[in-house]
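Note sheet for the following structure.
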Amino acid sequence: MAAAWADLAVTGTRFVYPEGEKRIVISLSNTGADPILVQTWLDHGGAEVDLSQLQVPFVLMPSLFRLDPGERKTLQLRYTGEPLPDDRETVLWINLRHAPSRQVSENKLEVVLSYVMKVLYRPAGLEGDAKDAPATVRWTYHERGAGDAPYLEAENPSPFSVSLPVLRLGGGRAPTELKGLTIMPKSTARFALPVGTIGPPASGEHLEFEAIDDLGLVMPGVTTLWVAPRS
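Per numbering that gives the first Met the number 0, the very first residue in the sequence shown carries number 0; after that it's consecutive.
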């Protein structure tokens, strides 16, 4: 599956780096009529990072380059061997910034478009299959005090990261959608629900979700929602 942002096209929307691989290759192309400059780096996600202080156990090259109209180029991502957990995936993010080449001076992009894509470092021998991980997540609805938003708690027991573009709940009521959810391997995450959008659901109610597989394809699924006792 390919992604395209303005004049920059990328072959793939997420990338799996299996343990033991020397490198993985990511293809880019300029689909526009003008040259662009592209800056790349890898990080752990979150807030804006200082690239001079960034430390990750991977090298992504090249880090800054010109791409002429119609030109294709490959990025190489290489694991440098520092220890990473061997019982779960490690999630990192490829960052791409691009701008017209005339806007670059002193190796800095002045006016840019920015995009991120997920990289999953996958140790060998993990139990289970990544495609089955979304269905193993246990979802629990928690009610809080008056005026406080209820929330969903998602427990991911699998060693695989779970990405859900859409989660729908509501049963016979007006449905509520949550978008852009990620549940890290062997971890628990909380997602707030808008106050008053749904009444308390019944335990055992169905949740519908869309999950992203290794190829970046959207896979629909259904799971069960549990309701925690009110404290």
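Here a beta-carbon is modelled for each residue, glycine too, at the ideal position from N, C-alpha and C. Quick caveat: nothing in here was measured; it's all calculated off a predicted structure.
Where the alpha helix (DSSP H) containing residue i begins and where it ends
i	result
residue 135	132 to 135
Simplified DSSP assignment, three categories, for residue i
i	result
residue 148	coil
residue 160	coil
residue 201	coil
residue 100	helix
residue 129	helix
residue 12	coil
residue 38	strand
residue 183	coil
residue 17	strand
residue 77	strand
residue 214	coil
residue 83	coil
residue 154	strand
C-alpha distance - residue i paired with residue j, whole-angstrom precision
i	j	result
residue 12	residue 28	14 Å
residue 215	residue 73	19 Å
residue 83	residue 26	26 Å
residue 207	residue 178	12 Å
residue 160	residue 175	23 Å
residue 164	residue 115	15 Å
residue 23	residue 132	24 Å
residue 70	residue 136	42 Å
residue 62	residue 203	49 Å
residue 228	residue 148	16 Å
residue 223	residue 88	25 Å
residue 44	residue 92	6 Å
residue 219	residue 151	19 Å
residue 67	residue 180	36 Å
residue 90	residue 213	13 Å
residue 186	residue 32	45 Å
residue 140	residue 41	35 Å
residue 14	residue 54	20 Å
residue 20	residue 126	19 Å
residue 85	residue 17	12 Å
residue 201	residue 168	11 Å
For residue i: DSSP bridge partner residues
i	result
residue 71	28
residue 167	176, 207
Nonlocal neighbours in the same chain, by C-beta distance under 7 Å from residue i, ignoring five residues either side
i	result
residue 97	7, 35, 36, 37, 111, 112
residue 182	136, 153, 155, 161, 188
residue 191	148, 150
residue 184	87, 88, 155, 157, 158, 159, 160
residue 100	34, 35, 36, 65
residue 104	Note that residue 104 scores a pLDDT of 49, beneath 50, so its modelled location is shaky; the value from the coordinates is reported in the next line. None.
Residue range of the beta strand (DSSP E) that includes residue i
i	result
residue 22	Here residue 22 belongs to no beta strand (DSSP E), and DSSP marks it neither H nor E.
residue 116	112 to 121
residue 220	217 to 226
residue 186	186 to 191
residue 142	First-last for residue 142: undefined, no H or E at that position.
residue 55	First-last for residue 55: undefined, no H or E at that position.
residue 245	A query on residue 245 cannot be resolved here, the shown segment of the chain reaching from 0 to 230 and no further.
Contacting residues, own chain, Cβ-Cβ under 6 Å from residue i (five flanking each side not counted)
i	result
residue 211	162
residue 56	79, 81
residue 124	none
Contact set for residue i: own chain, Cβ-Cβ below 8 Å, skip 5 residues either direction
i	result
residue 205	170, 221, 222, 223, 224
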